[in-house]
Every structure is written in structure tokens, then in C-alpha cells.
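K.L.:
Before I ask anything, here is the structure I am working with.
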Ligand code: ADP
Ligand code: MG
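Residue numbers (the working numbering): 331 to 1075.
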């Protein structure tokens, strides 16, 4: 008897186990059992031998007429040919083997009746089936009945590899299923409530189904397992989080927060007020807040974050703001120090009495600046510390870290979140995560299931909507000319423009991986493994348009006379910062850039965004990109330049972006079109590998029910002491997540 945790070696033998591990990373019986068939084949109805057509997969019932066997000419081994007939036609079955095939010759003797299935081809004018599957009928068999059964049998087709084929996997699977003894981790009551079959049945059924109904029933049960176990993990995390103590930081009257509010040049939107009040209340509690704040680009999340940070500073603590890129960290630093004015200048001439200090800590700081920032964080002089991943380093210490704010969560994993929170000493800091990627409900429940959620649904008043148009550069070249004219017009009115390209270009690395911008490569269509490049994508074989090439062309041609600058991830950090500063200050008209500008960059005077080879970007990414313009008083315009075919999928995607400003609609579309893993992001790799059958969009209802059941189970038995099989399943899930994470890191 074998259980899920047994190594495959012990069950299927060394050789098969080695291939399964090397080619498919399957180590245990459980791993193999969850290597589900990609699809099923049936051998199909019987075909008349007289009507065989090349390329078809057929099953024929026929009698062996003649068998010959001969050694191969150029290699060791033999060829066996059996001619079979059904009285109407002939077909030759060919079998190649490394050695002799006497055993087969003995099976296929003239006069024997059998069912043969395979793909039809023609060789030297004769129809043949190479290496057909076959089953011989015994003299007493009801031939018609046997034929029907054989033809209808469902054969699983597995994701396979060069070293190990689907039939070989099926063979190992049969061995495992024959000796399998699983304990069902799903509590009986839950199974009964939702009409789910047992786990053993489900595993047997999905690998050896009787019919389609069987497959559906088994898949449903196995999906439930995936959803339920993940939700149990999340429910446990929520429970544990609720138990963590944190220093309460209730709002204090007359402090920095009040002074900041008084300085704000605008009224908070209703959404900002609501989310702000919720956060203010939670910061006052003695256990840690875990909140996700989502809202469109420009919806005003940063203001909420600053207010939360100031409440904590007023309460004697410090706040850390973690940004995903250097550019963003610096921008936050600049805009927050500016907003705070004298409130952020403690110890400086002109600093307010209650003032604090804001420190910036990034990888590119010089030694002296770095030492100063570290000191300000450790001594507590800096109430607010802003930084990139550099904040996670061990040397970084805080006097009293009370709040961690993470901007753009999808770039950080749970572990990084925890690394920063660990710096709070005994208790835990409060946590606020902000994301501009609208997250469909099921994704939120799955990926961010351990966080509470606030959503900003409106943009601050007075924002002008962004108009978006597709520019079909291949069909209508004059549209592209018109695009550059628009850029010139806008610059003529003193406004600014982004031109975004999918590639950096130039240098010896042209076309290589380093040519795309670091953190963003995984979000580009057609950029490396796993990401689905559409067949109808622009430009056929030509490389995507590059920042350096295009900037050159524009400066000399269409945009001659304008101040053009380039920004991309290969620039040294200080240069990047200088460019961004210059653009923000208005001394650059046109910024030709990669997606480094994507998240959070705020230059209200920028009104036009031209996105080159727009079909290379994901829907949500385009939506985020265009959020960079129209942030000020002037209307924003986004032009999606593409050479993709008019009716192709890529163009439909672009048309959808042009047609709506509803980020939720677009993120759903994104989820439909991209592989789930890409949406969940690399940091969620472990979770991704545990979701094999579940699809976040289609299984929304199931996930919701599983979440309720899981919550109930964990509330009544947090450690799962009474459910040992479930406890084991959850432990295996966590170990896998951990292993995947370590591998990535
Ligand atoms: P997000 O981080 O959600 O993309 P920001 O917080 O950066 O958005 O806000 C975008 C811009 O809108 C900033 O310039 C900010 O000062 C401004 N803003 C924020 N809230 C309001 C408001 N209630 N009314 C007017 N402008 C606002
Ligand atoms: Mg922002």
C-alpha cells in the first residue's frame, strides 16, 4: 500500500522514478497523482478499411492475413509488418524494435482477429498504421461488443517530456493507483454537503475515467481540494495575524496628522475618507492591521498612506514605505517631503515644532547618505523611512517600527512582507498594502486571502478622462504621422508626453533578455518563456521597437527641435533620477521610456502617452500605463500604436482597452487571456503550482464556498488536531510553497 508522501522510487521503480523526477519534477506518489491528464482520447468508432484517409486516427477491426519480419538495414533491430484485412481493404501494421520481435510474431498469427488503432499514413503506395495500439479478440468473444468497448475506452493523455512519454506516465500511474491507500483530508460533513466523491475515487476516476460524467465528477472534487486546502491555509494565517499584538496608535489631536490635513490643497474624496477612517480605527487597536487598499492609478492612495503614517508617528512610532522600484521610491520621497513641507524638517531651520524627518534608503545611495539614513531609521529621528528592497536588508533597523506600507503589492511576496515586519521587534507593525491593479474578487480571495480589503472606486473630482485610440500603423501609416503631430502640438502648448517602447535596444545586448526592463519582463507579451505571444502579434519577425532607436529617430525626424530624453532600467540610478526629475520639472518635452514609468509615476503636466507595439503589453499593463497621463487639469490622450492585424486577437485586446476605463473589466479580460500563473505573479509561484485544476474566474462560486467551509473548520479547530489527514495535506502544501519560494530567491 502506498500513501501520497511515499517516494515514487519505492512504487514504480528506480528507472521510471528517475525520469519522472528529472523531466517533470515529480518526486512523490502524491506529485504523480496530481499530474493530471491534459485531455483524453478515445480510439473512436470502427472505420472501414476501404475508406482510410492519411492523417486520421482510426480503429479498425480486422483479421491478420500475413506477417513478415526482417532485420533493419542500417541499424540494429527489426521491422515486423502484419497485413490485416476486414474483407474490404488491406492495411499494413508496422512495428519497429531494437531487438527481435518473435513474441509479437507469435501473437499476430494469420487468422487472428483484433482491434487496431493508430494514425493512417501511406508508405510505398500502401496504407499503414505505424505502431498501432491493439487488442486481440479471443475466439469466444462477442466481437461487436468488445469492439464497441475498446473504441470507447478513454485514454488519458498526460503532459509529457522527451524522456518520458504519456503512455509511460500512464503505466506508472496504473501501478500507483493499484496500490494506493489515501486517507481523505476533506471532512465527511463537507463532502456530504457539497455532494463530493471521496478522494481515492476522484484520483482513480480522473486517471482512468469510465466516461465524461466521471471525469467531471472527479475534477470537481479535486478542484474542491485545491480551493479548500488553500483557504484553510489562509484562514489559519488570518487567525494567527489576529492574534499578533501590535502597539496601538490611536489618533492624537493637534499632531502631525492634523497639521498635514490642514495643509492639504484639496478635499478628500468620500472613498478616501471611508478608507482613511477604517485604517485610523484599526491602527488604534492592539493587534496588527492587515489591509489591502486597492484603487485605480490616481485614485489617491498615497494620501491615505501618508495620513496613516503620520498617525503612527504622532503615536510615537515609525513608518516604512516600501516601493517596488528606485524611481518610485525616489518619487515618493520627493512628493512626500514636498507635501509635508516644514512638517518633515525636524531639526532643520524652518522645521515645524512637531516635525519629523523623512529618510530615503535605496540601493544606489552613496556610503555617507546611506549611513545617515540607517542612523535616522535606527535612532528614530526619521518618522518615515521610504525605500526599495534595500529596506529589507539585515543592517536596517528601526527604533520603533509601527507601520509598514507596501506600494504595489504584486511585486512582493508574502515572505518579503514578513521580512520587513520582523524588524518591529516583539510585536508586529500594522500593515497596509496598496495596489493599483484592480483585483477580481476570486483573485483577491485566493492570492490576498489573508488581508482585509478597502477599495477606492472613484477618482478625485476634476480629473479629465483619458481618451484612448488605436493607431494601426501598418494599415494607416498617416495615422502614425498624425500621432507625432499631436505630440508636437501638445508640446507647443507647454505640455509633456511619454513614448513607451517594449525594449531598450542599443548596445551589444540588443534583443537579449537584458534588453527588457528587469521587473517588467515577466509582464510583457512574447517576452520569454511561458508568456503567450499571440500569433497575430505585430511585425512578424522584427524585434520590438526599442527606446534608444526610436528616441534617435524622433529627435532627428518627426520630433526634431523638441527636448527628448530617454529613461530605462539600464541607466545608472542617479541618471534615472536626474531624467525623472527633469521630466517632472518640465524641462523635457518627450520622455521615451520603457515600462519603468509604469507604476505610480506622477507628472500632472504630462498629457499624451504613445505606446509603441502596444500589442506586446498586457491589458492591465496598458491600463496602468495610460494612468500616467491626464492626472492634472488637462485631458489625457493615450495612443496605442500597433502593427497587429485588424481582426486578430491582439487588436481585440487593444480595442477593449480603448473602449473602457473600467480597470476591473480589463483585469478580468487579462485573466481570461493570460495564463493564471502570470496573473498571480512570480512571487506566488508556490501557490500557482498548487492550483492545477482550479481557474480563478470560472470557479468563483466554488472558491467562495470553500472559503466559508475553511473558515468554519479553522475556527472550530485551529490546529486541525481532529483532522490529521487535512493537517498533513496543508503541511505538504506549505512545504511546497516554501520550497518554490526558496528556489526563486
Ligand atoms: P495613486 O497613488 O492612487 O495612484 P496618488 O495618491 O498618487 O494616487 O494621487 C494622484 C494625484 O491626485 C496626486 O497628485 C494627489 O495629490 C492628487 N489627489 C489625491 N487625492 C485627491 C483629492 N481628494 N482631490 C484632488 N486631488 C487629489
Ligand atoms: Mg501611487
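Just so you know, even glycine gets a beta-carbon here, dropped at the ideal spot from N, CA and C. All of these numbers come straight from a predicted model, not from anything done at the bench.
Taking C-beta to C-beta, are residue 789 and residue 656 nearer than 8 Å?
P.N.:
No, the pair does not count as a contact, with Cβ atoms beyond the cut-off.
K.L.:
Using only CA atoms, which one of 493, 900, 923 lies nearest to residue 831?
P.N.:
Per the Cα distances, 923.
K.L.:
Can you name, in chain order, every residue of its own chain whose Cβ lies under 8 Å from the Cβ of residue 556, other than the five neighbours on each side?
P.N.:
Taken in chain order, the residues that qualify are 1020, 1021, 1022, 1023, 1024.
K.L.:
Would you mind listing the alpha helix (DSSP H) stretches within the stretch 679 to 766 that are 4+ residues and don't spill past its ends, in chain order?
P.N.:
Within the stretch 679 to 766, the complete alpha helix (DSSP H) runs of at least 4 residues are 697 to 709, 744 to 751.
K.L.:
If contact is defined by three or more beta carbon pairs under 8 Å, each pair taking one atom from either stretch, is the stretch 808 to 815 in contact with the stretch 894 to 907?
P.N.:
Because the criterion of three Cβ pairs below 8 Å is not met, the stretch 894 to 907 and the stretch 808 to 815 do not touch.
K.L.:
Is the beta carbon of residue 762 closer than 8 Å to that of residue 568?
P.N.:
Going by C-beta atoms, residue 568 is not nearer than 8 Å to residue 762.
K.L.:
Specify, as a first and last residue, the run of the beta strand (DSSP E) that residue 970 falls within.
P.N.:
Run containing residue 970: 966 to 972, per the beta strand (DSSP E) assignment.
K.L.:
Under a three-way DSSP split, which group does residue 1042 fall into?
P.N.:
Helix at residue 1042.
K.L.:
Tell me the rounded alpha-carbon separation between residue 658 and residue 694.
P.N.:
Approximately 13 Å between the Cα atoms of the pair.
K.L.:
Would the beta-carbon of residue 716 fall within 8 Å of that of residue 666?
P.N.:
Contact: yes.
K.L.:
Pull up the distance between the alpha-carbon of residue 450 and that of residue 386, whole angstroms please.
P.N.:
Taking the straight line from one Cα to the other gives about 6 Å.
K.L.:
Taking the CB atoms as reference points, tell me whether residue 971 and residue 889 lie closer together than 8 Å.
P.N.:
For residue 971 and residue 889, no; Cβs fall outside 8 Å.
K.L.:
Let me know if residue 760 comes out buried or exposed under the rule of 16 or more other beta-carbons within 10 Å of its beta-carbon.
P.N.:
By the 10 Å Cβ count, residue 760 comes out buried.
K.L.:
Tell me the rounded alpha-carbon separation between residue 1062 and residue 359.
P.N.:
The alpha-carbon atoms of residue 1062 and residue 359 are separated by roughly 13 Å.
K.L.:
For the alpha helix (DSSP H) containing residue 453, name the first residue and the last one.
P.N.:
Segment 443 to 453 is the beta strand (DSSP E) holding residue 453; no alpha helix (DSSP H) there.
K.L.:
What number of angstroms, rounded off, separates the C-alpha of residue 977 from the C-alpha of residue 431?
P.N.:
The straight-line gap from Cα to Cα measures roughly 54 Å.
K.L.:
Just tell me which of 610, 604, 558 has its CA closest to the CA of residue 583.
P.N.:
Among 610, 604, 558, the Cα nearest to that of residue 583 belongs to 610.
K.L.:
Just to confirm the assignment, what range does the alpha helix (DSSP H) spanning residue 632 have?
P.N.:
That run of the alpha helix (DSSP H) goes 631 to 644.
K.L.:
Just confirm the distance between the C-beta atoms of residue 615 and residue 491, as a whole number of angstroms; I'd bet it's less than 8 Å.
P.N.:
The pair is not a contact, with the Cβ atoms about 52 Å apart (cut-off 8 Å).
K.L.:
Between the beta-carbon of residue 919 and the beta-carbon of residue 1041, is there less than 8 Å?
P.N.:
Not a contact, by the Cβ cut-off of 8 Å.
K.L.:
Going by the CB atoms, is the gap between residue 721 and residue 607 shorter than 8 Å?
P.N.:
It is not a contact, given that the beta carbons lie outside the stated cut-off.
K.L.:
Output the boundary residues of the beta strand (DSSP E) element that contains residue 808.
P.N.:
From DSSP, residue 808 is part of no beta strand (DSSP E) but of the alpha helix (DSSP H) over 807 to 822.
K.L.:
Please tell me whether, using a cut-off of 7 Å, the distance from the CB of residue 920 to the nearest non-hydrogen atom of ligand 1 is below it.
P.N.:
Every heavy atom of ligand 1 is 7 Å or more from the Cβ of residue 920, so no.
K.L.:
Give the range of the beta strand (DSSP E) segment to which residue 620 is assigned.
P.N.:
Taken as a continuous stretch (DSSP letters only), the beta strand (DSSP E) holding residue 620 covers 620 to 625.
K.L.:
Between which two residues does the alpha helix (DSSP H) carrying residue 391 extend?
P.N.:
Element bounds for residue 391: not the alpha helix (DSSP H) but the beta strand (DSSP E), 387 to 401.
K.L.:
With a 10 Å radius around its C-beta and 16 neighbouring C-beta atoms as the bar for buried, classify residue 984 as buried or exposed.
P.N.:
Counting Cβ neighbours within 10 Å, residue 984 comes out buried, since at least 16 surround it.
K.L.:
Does DSSP put residue 352 in a helix, in a strand, or in coil?
P.N.:
Helix at residue 352.
K.L.:
Relative to the alpha-carbon of residue 683, which residue among 691, 671, 689, 690 has its alpha-carbon at the smallest distance?
P.N.:
Answer by Cα proximity: 671.
K.L.:
Contact between the stretch 361 to 379 and the stretch 423 to 441: three or more CB pairs below 8 Å?
P.N.:
Touching, no.
K.L.:
Where DSSP assigns a beta bridge to residue 372, which residues make up the other side?
P.N.:
DSSP output for residue 372 lists 484 as bridge partner(s).
K.L.:
Does the contact criterion of 3 or more C-beta pairs under 8 Å hold for the stretch 483 to 502 versus the stretch 360 to 371?
P.N.:
Output reads yes: the stretch 360 to 371 touches the stretch 483 to 502.
K.L.:
Would you identify the three-state DSSP class for residue 917, choosing helix, strand or coil?
P.N.:
Of the three classes helix, strand and coil, the one that applies to residue 917 here is coil, per DSSP.
K.L.:
Give me the Cα-Cα distance between residue 700 and residue 737, rounded to the nearest whole angstrom.
P.N.:
Their Cα atoms are separated by approximately 22 Å.
K.L.:
Can you name, in chain order, every residue of its own chain whose Cβ lies under 8 Å from the Cβ of residue 335, other than the five neighbours on each side?
P.N.:
Answer for residue 335: 358, 359, 360, 1058, 1062, listed in chain order.
K.L.:
Expressed to the nearest angstrom, what Euclidean distance is found between the alpha-carbon atoms of residue 520 and residue 533?
P.N.:
C-alpha separation (whole angstroms): 18 Å.
K.L.:
Does residue 1058 come out as helix, strand or coil in the three-state DSSP assignment?
P.N.:
Helix at residue 1058.
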